[in-house]
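Read left to right, the sequence shown gives residues 3 to 341 (the working numbering).
First up is the structure itself, then whatever we jot down about it.
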Amino acid sequence: MSSRFSIKFYGVRGSIPTPLTGPDVTEKLEAALELAEPGDLADEQSRKDFIAKLPVHIKGSIGGNSSCVVAQVDDHLIIFDAGTGIRVLGLELLQREFGKGKGKAHLVFSHTHWDHIMGLPFFGPLFVPGNQFKLCGVHSDLETRLRGQQKFQYFPVSFDVFGSDIQFVDFSNKDSYQIGDARLTWREQYHPGKSFAYRLEHMGRSVIYATDAEYKDQTPEGLKETADFFRGADLVIFDSQYTLVECLEKEDWGHSSTFIGIKLALQAGVRKMAFFHHEPTYTDFRLMKILESSREFKEMIAPFNPLELVLAVEGRQIDLLAGDGISDDQEAEAEQVSN
Ligand SMILES: [Zn+2]
Ligand SMILES: [Zn+2]
């Protein structure tokens, strides 16, 4: 059997779901029209070709749903956090075995702030009898918290209405957890109420999901324990909600920046870092600028290090077992644009 280890982003926005606004759409239209040559607009096919070649922040959206990232490891589906992105994932899964009550998945929670759990009541597969879910987390009262979100004072439908088979798995008394051939480990992060980073390993490849974390001591010694947890990872999904300046202004809000991410990734020998949990007030153009300046910073301090930096974009899939290691559907697309 050929092995599979891929990651897909369904929710990438931090703190609160962030739909595109009218001015956001106008800015994208203006940018697209500025790039168009008369020939691009000549007929239906040329217009379609032109749009297909535009970068995602102009033709589409980086994404407004709150945190949800999916790992597919062989036949195992592992869902990190249940922000509003999980609703979209649920619609896709209902077209598959989950629509027939034959689906199985693990849901793994970093913590239970609203933006990481608010999609759960809208996750369709939970309603289908026969589906089997394991809801996992290091906060030992995870069940109480998730049930609390659906008390009638806050939500019309009780947790008891879910018709699928739901089991809770408490990670607080474990060091690691096995899902098929994959191994999951975790580490506590500095964040109000605590959050946990996860490391998922399979076939010698590894991905880290490290959202909602603040790094107080940014000296190499201060970052050492986190770097040890990130060590040699193929992909790190990293909370970079703020710019470096905002990080200083918003001390103890529990978030980080691309610049701290780069320092950590270099110290830990990471191959690729996906910036994640984007600040709700940032437009897609602003996020692209932050990515650009982050890449410049990396080139300045470590020009020969092969570390790759990308934005987590909804719908983006990264395959960790392809060819020499990692393939990325949107990177291939971006190359097309620059050619
Ligand atoms: Zn969050
Ligand atoms: Zn949080």
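Where is the CB? At the ideal position from N, CA and C, for every residue including glycine.
DSSP three-state label for I181, please. Position 179 of the sequence shown, counting from 1, holds the residue named residue 181. Here I181 sits in strand by DSSP.
Give every residue of the same chain whose Cβ lies closer than 6 Å to the Cβ of D321, excluding the five residues on either side of it in the sequence, and list them in chain order. One-based indexing of the sequence shown puts residue 321 at position 319. S8 and S329, listed in sequence order.
Among all the DSSP beta bridges, which residues are the ones paired with S259? What you label residue 259 is simply residue 257 of the sequence shown in a count that begins at 1. DSSP output for S259 lists Y244 as bridge partner(s).
Nearest-angstrom Cβ-Cβ length linking S166 and V130, presumed shorter than 8 Å: As a first step, residue 166 is located in the sequence shown; it is residue number 164 there, counting from the start. As a first step, residue 130 is located in the sequence shown; it is residue number 128 there, counting from the start. 6 Å between Cβ atoms; contact.
Check whether the Cβ atoms of P127 and L148 lie closer than 8 Å to each other. If you number the sequence shown from 1, residue 127 lands on position 125. If you number the sequence shown from 1, residue 148 lands on position 146. In this structure, L148 does not lie closer than 8 Å to P127 by Cβ.
Assuming D26 is part of the alpha helix (DSSP H), what are its boundary residues? Counting from 1 along the sequence shown, the entry for residue 26 is found at position 24. That run of the alpha helix (DSSP H) goes G24 to L37.
Given 8 Å as the limit, is there contact between the segment 143-159 and the segment 176-191, that is, 3 or more CB pairs closer than that? no
Do the segment 32-43 and the segment 62-79 meet, that is, are 3 or more Cβ pairs less than 8 Å apart? no
From which residue to which residue does the alpha helix (DSSP H) around V90 run? Here residue 90 refers to the residue found at position 88 when the sequence shown is read from its first residue. V90 -> alpha helix (DSSP H) spans G87 to L96.
Distance, Cα to Cα, P308 vs R273? Along the sequence shown, one-based indexing puts residue 308 at 306. Along the sequence shown, one-based indexing puts residue 273 at 271. Each residue's alpha carbon lies about 7 Å from the other.
Quick one: give me the first and last residue of the alpha helix (DSSP H) that G150 is part of. Residue numbering aside, residue 150 sits at position 148 when the sequence shown is read from its first letter. Where G150 is concerned, the enclosing alpha helix (DSSP H) stretches over L144 to Q151.
Can you tell me where the alpha helix (DSSP H) holding I64 begins and where it ends? Locating residue 64 in the sequence shown gives position 62, counting from the first residue. That residue, I64, is in no alpha helix (DSSP H); it is neither H nor E in DSSP.
Could you check what DSSP says for T228 in three-state terms: helix, strand or coil? Residue numbering aside, residue 228 sits at position 226 when the sequence shown is read from its first letter. The answer is helix: DSSP assigns T228 an H, G or I state.
Extent of the continuous beta strand (DSSP E) to which M205 belongs: The residue given as residue 205 occupies position 203 in the sequence shown. Careful: M205 lies outside any beta strand (DSSP E) and carries neither H nor E.
Give the range of the beta strand (DSSP E) segment to which A276 is assigned. Translated into the one-based positions of the sequence shown, residue 276 becomes position 274. Taken as a continuous stretch (DSSP letters only), the beta strand (DSSP E) holding A276 covers K274 to F278.
Spatially closest choice to G379 from S295, T285, T213 and E294, by CA coordinates: Residue 379 is absent from the model: the chain starts at 3 and stops at 341.
Could you give the residue range of the alpha helix (DSSP H) that holds F299? Taking the sequence shown and counting its residues from 1, one reaches residue 299 at position 297. First-last of the alpha helix (DSSP H) with F299: D286 to I303.
Which residues have a Cβ closer than 5 Å to any heavy atom of ligand 2, listed in chain order? H115 and D214
In angstroms, rounded to a whole number, what distance separates the CA positions of I64 and E29? As a position in the sequence shown, residue 64 is number 62, starting the count at 1. As a position in the sequence shown, residue 29 is number 27, starting the count at 1. Rounded to the nearest angstrom, the two C-alpha atoms are 14 Å apart.
Mind checking Q47: buried by the 16 CB within 10 Å criterion, or exposed? For this step, residue 47 is matched to residue 45 along the sequence shown. Per the 10 Å Cβ criterion, exposed.
Counting beta carbon pairs with one atom in the segment 216-224 and one in the segment 80-99, are three or more of them shorter than 8 Å? no
Short Cβ contact (8 Å threshold) for G66 with R15: As a working mapping, residue 66 is identified with position 64 in the sequence shown. As a working mapping, residue 15 is identified with position 13 in the sequence shown. The answer is yes: Cβ separation under 8 Å.
Considering only the beta carbon of each residue, do L266 and F277 sit closer than 8 Å? In the sequence shown, counting from the first residue as 1, residue 266 sits at position 264. In the sequence shown, counting from the first residue as 1, residue 277 sits at position 275. No.
Any heavy atom of ligand 1 closer than 7 Å to the beta-carbon of G16? Position 14 of the sequence shown, counted from the start, is the residue given in the question as residue 16. Yes, Cβ of G16 sits closer than 7 Å to a heavy atom of ligand 1.
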